[in-house]
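S.K.:
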Amino acid sequence: MNEAWYRLLSILVFTAGFWEGPAAILYRVISDDHGTPMRPVNYLDAPWNYVASGAVIVAAFALLAVLDKGREKALARDRNAGAARTHTGTHAG
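Right under this line is the structure:
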């Protein structure tokens, strides 16, 4: 997976985590929102909607950490492959 995919997945995970986490809580507190297809955690009764939003926040942070580690490993592999090509005197591209 190249860096562009990691960035896209990170953006999608962050957006979903924010929208179903803090944004859903804010909508519930301010407007007494009781759920829409865009904020399904608000279909739950209080306090379960807050618990679900908290779980979404934790899951989003965990997925972002996994994606970041994968991105770092991919970048390290690319650097090592480039250094190996330079060291052996071959140049691709």
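Last residue of the sequence shown: 100 (our numbering), numbering continuous. Yeah, the Cβ is synthetic: ideal placement off N, Cα and C, and Gly gets one too.
Between residue 63 and residue 48, how many whole angstroms is the CB-CB distance? I'm expecting something under 8 Å.
M.R.: Their Cβ separation, rounded to whole angstroms, is 7 Å, which keeps residue 63 and residue 48 in contact under 8 Å.
S.K.: By Cβ distance, which residues of its chain are closer than 8 Å to residue 10, with the 5 residues on each side in sequence left out?
M.R.: Leaving aside the five residues that flank residue 10 on each side, the residues in its chain whose CB is nearer than 8 Å to its CB run, in chain order, 78, 81 and 82.
S.K.: According to the neighbour-count rule (16 or more other Cβ atoms, all chains shown, within 10 Å of its Cβ), is residue 56 buried or exposed?
M.R.: Burial call: buried.
S.K.: Assuming contact is defined by CB atoms lying nearer than 8 Å, are residue 38 and residue 71 in contact in what I supplied?
M.R.: no
S.K.: Taking 8 Å as the threshold (C-beta atoms), are residue 60 and residue 31 in contact?
M.R.: yes
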